[in-house]
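Inspection log for the structure reproduced underneath, given as structure tokens.
Numbering (mature numbering (1 follows the signal peptide of the UniProt record, and there is no 0)), first residue to last: -27 to -1, 1 to 571.
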């Protein structure tokens, strides 16, 4: 029977509880009883199961509707001492002061927004962190003296960066009162400026501001749609029992197990998932958690947006000139011939690398001394000014050589947004079009992404430009849905959402496609095409294919394969070694299940 991953994680956790004496399984909340919420300070991580309903849990005594008003608090951390206590002027050891609004729906604790809630990226407070909140649960337990419990997963993020630090939080509520918020952070994707791999814990002072969101009926309808469209998930053991464990050997290749957060295989209907690992046991609510997948954004968002514009407005979109929509503040002659298509292929002909191209290294010039000025630029204009100032014109024309630049994906997003405004009016914007016309039809109701910070970045300031190069925070189900849309040639529910001709050119095939990268697997050189990395694969039956995959910093991959199979691996690799980029094990397993030669 197919069950949600949320239920799967709870079953796994419950099994560990049942291995203990019955009295502890049913009634003992000693690690997190009601008194622990009101006094005392946590001194370390506890097992994640204490943040979930116990075996004797019952429905909440009342629903929860209101806003948690949280104060800043210094977190206990492992390691206790951070490499840096100041990053972009803020402190990563401080949990942020934020307001989190929730309502209850059929026992779920649902946040009023799953967008990035800014705190650390504003001038206010000392914390470095912004936050994303996902749905959790409400329940009651016999020993809590009339209080109900609530718990929810969350991710600490920053609007300039792209990783997530995933955790779970819980609090008590009764009448118009709430307890302190008990939280712990137990998992992360690969960091950039915050170089420490850390876990954390704490208790944040909380107050309740009662009252339902003004658009409550709309929020409930959106959440109903989200529930109805969740991807069916089973455990990896279910797949092994179905096909035989021998066929699943070497799925993660040489990737160190300690660097993998989770991995799995989607067969077109069901996602078979390995355990979601964390520092305190299986990660609760793994299907609802959002993950900082870094440059997977380029294929999951930027390419989806461009191919949707191509389908909606015609092939001429791809040959639109960047400078017809974004005016360079310097070096305009560098950009005069660069098209949307050049930018999505990382082939603008502009950068800071060498003129050596045979063999090419796609990362030649990437992350050089000029990169921080663009990376740290807060507003659209800050980023554009740095982008146009830095970089030189290569001795080749646009479209000829791939050189990896986040800046080029960003400017493509800005140009596409201006294109949409020109066609649809100044009220329109690219991300709203992508969300309403592509993501929501395929079942993605929430699409948080990092944006530029206009003004102080507070909610009263205008929304910024989505970064598009990185910063999208999908769930596992979101990644599966986007991959399936590509696998279905952009067709969903009888409607063509993406340009099928471009997807046909992108899809796995025997001929070269895209531009050489210099990166190699044991089967040959990888190419870059339409924001996808085209990895070569030689099947035992004799097929030589290029397999398109979304690739993000830290070893994050979404691999699209014949037969409708999609492999996913989320990881936290820092050094970018060969093991982190090796996805051949995923391909080998899928080929055992559906012969690629067919």
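Note that the Cβ used here is the ideal one computed from N, Cα and C, for glycine as well.
In this text the structure is predicted, and so the values were computed from the model without any measurement.
Going by other Cβ atoms of all chains shown within 10 Å of its Cβ, with 16 needed for buried, is residue 395 buried or exposed?
By the Cβ-count criterion, residue 395 is exposed, with fewer than 16 other Cβ atoms from all chains shown falling within 10 Å of its own Cβ.
Ignore the nearest five residues each way along the sequence and tell me which others in residue 547's own chain have a CB closer than 7 Å to its CB.
If the five residues before and after residue 547 are omitted, its C-beta is found closer than 7 Å to the C-beta atoms of 163, all from its own chain and listed in chain order.
When the distance is taken between beta carbons, is residue 371 closer than 7 Å to residue 262?
Result no, Cβ atoms of residue 262 and residue 371 do not sit closer than 7 Å.
Counting only runs that start and end within the segment 32 to 103, where is the beta strand (DSSP E) found for 3 or more residues in a row?
Segments of the beta strand (DSSP E) lying fully in the segment 32 to 103: 39 to 43, 49 to 51, 72 to 78, 81 to 84.
In the structure shown, what three-state DSSP assignment does residue 330 receive?
Look at residue 330 here: in three-state DSSP terms it is coil, with no helix or strand label.
Return yes when the Cβ of residue 258 is within less than 7 Å of the Cβ of residue 78, no when it is not.
No, the pair does not count as a contact, with Cβ atoms beyond the cut-off.
Please state whether the Cβ-Cβ distance between residue 388 and residue 299 is less than 7 Å.
Residue 299 sits close to residue 388, with the two beta carbons spaced by under 7 Å.
Quick one: Cα of residue -23 to Cα of residue 205, how far?
Low per-residue confidence applies at residue -23: pLDDT is 36, beneath 50, and the placement is therefore not dependable enough to give any value.
Quick one: residues in its chain with C-beta nearer than 7 Å to the C-beta of residue 455, no 5 flanking neighbours on either side, listed in chain order?
Excluding sequence neighbours, residue 455 sits near 273, 277.
Helix or strand or just coil, what does DSSP make of residue 571?
DSSP places residue 571 in coil when its eight states are reduced to three.
Using CA atoms only, rank isn't needed, just tell me which of 208, 311, 288 is closest to residue 295.
Distances from the CA of residue 295 to each of 208, 311, 288 were compared; the closest alpha carbon is that of 311.
Opposite residue 521 in the DSSP bridges: which residues?
507, per the DSSP bridge assignment.
Given 8 Å as the limit, is there contact between the segment 364 to 384 and the segment 148 to 161, that is, 3 or more CB pairs closer than that?
No contact exists between the segment 364 to 384 and the segment 148 to 161.
Report the three-state DSSP secondary structure of residue 565 (helix, strand or coil).
Correct three-state label for residue 565: helix.
Return yes when the Cβ of residue 383 is within less than 7 Å of the Cβ of residue 442, no when it is not.
Yes, Cβ-Cβ distance for residue 442 and residue 383 is below 7 Å.
The segment 206 to 226 contacting the segment 549 to 564, beta-carbon criterion three pairs below 8 Å
They touch, by the three-pair rule.
Counting Cβ pairs, one atom from each stretch, are 3 or more of them under 8 Å apart for the segment 92 to 107 and the segment 66 to 80?
Remark: three or more beta-carbon pairs, one from each stretch, lie closer than 8 Å, so the segment 92 to 107 and the segment 66 to 80 are flagged as touching.
Which residue comes first and which comes last in the alpha helix (DSSP H) that contains residue 26?
Under the DSSP assignment, residue 26 falls outside any alpha helix (DSSP H); it carries neither an H nor an E label.
Run through DSSP, which three-state label would residue 400 get?
The answer is coil: DSSP assigns residue 400 none of H, G, I, E or B.
Rounded to the nearest angstrom, what separates residue 96 and residue 429 at their Cα positions?
Approximately 7 Å, taken between the alpha carbons.
Just reading off the alpha helix (DSSP H) that residue 314 is part of, what are its end residues?
In the DSSP annotation of this structure, the continuous segment of the alpha helix (DSSP H) that includes residue 314 starts and ends at 313 to 317.
Are the Cβ atoms of residue 422 and residue 444 separated by less than 7 Å?
Cβ distance < 7 Å, so residue 422 and residue 444 count as in contact.
What is the rounded straight-line gap between the Cα of residue 330 and the Cα of residue 486?
Here the C-alpha atom of residue 330 lies approximately 17 Å from the C-alpha atom of residue 486.
Go to residue 348, then tell me how far its alpha helix (DSSP H) extends in each direction, as first and last residue.
That run of the alpha helix (DSSP H) goes 344 to 348.
Tell me the rounded alpha-carbon separation between residue 17 and residue 527.
Cα to Cα, the separation comes out at about 27 Å.
Take the Cβ of residue -5 as the centre, count every other Cβ of all protein chains shown within 10 Å, and call the residue buried at 16 or more, exposed below.
Here residue -5 scores only 29 on pLDDT, less than 50, and its place in the model should not be relied on; the value that follows carries that caveat. Its Cβ having fewer than 16 others within 10 Å, residue -5 is exposed.
Residue 256 (DSSP reduced to helix, strand or coil):
Residue 256 falls in the coil class under three-state DSSP.
Apart from the five residues on each side of it in sequence, which residues of its chain come closer than 6 Å, Cβ to Cβ, to residue 60?
The residues are 101, 166, 167.
Look up residue 112 in the DSSP assignment and say whether it is helix, strand or coil.
Residue 112 carries a strand assignment under DSSP once its states are collapsed to helix, strand and coil.
Does residue -23 come out as helix, strand or coil in the three-state DSSP assignment?
In this prediction, residue -23 has a pLDDT of 36, which is less than 50 and means its spatial position is unreliable; what the coordinates show is noted afterwards. DSSP, read as helix, strand or coil, puts residue -23 in helix.
Pairwise C-alpha distance: residue 553 and residue 226:
The alpha-carbon atoms of residue 226 and residue 553 are separated by roughly 9 Å.
Can you name, in chain order, every residue of its own chain whose Cβ lies under 7 Å from the Cβ of residue 147, other than the five neighbours on each side?
Within the same chain, residue 147 has close Cβ partners 119, 120, 121.
For residue 470, which residues of its own chain have a beta-carbon under 8 Å away from its beta-carbon, when the five flanking residues on both sides are left out?
Residues of the same chain with a CB within less than 8 Å of the CB of residue 470, apart from the 5 flanking positions on each side, are 281, 284, 410, 411, 414, 415, 458, 463, 464 in chain order.
Quick check: residue 49 and residue 174, are their CB atoms within less than 7 Å of each other?
Yes, the Cβ-Cβ distance between residue 49 and residue 174 is below 7 Å.
Where residue 11 falls: helix, strand or coil (DSSP):
DSSP, reduced to helix, strand and coil, places residue 11 within a helical segment of the structure shown.
Quick one: what's got a C-beta closer than 8 Å to residue 482's C-beta in the same chain, skipping five residues either side?
Setting aside the 5 residues that flank it on each side, residue 482 is surrounded in the same chain by 518, 519, each with a C-beta closer than 8 Å to its C-beta; the list follows chain order.
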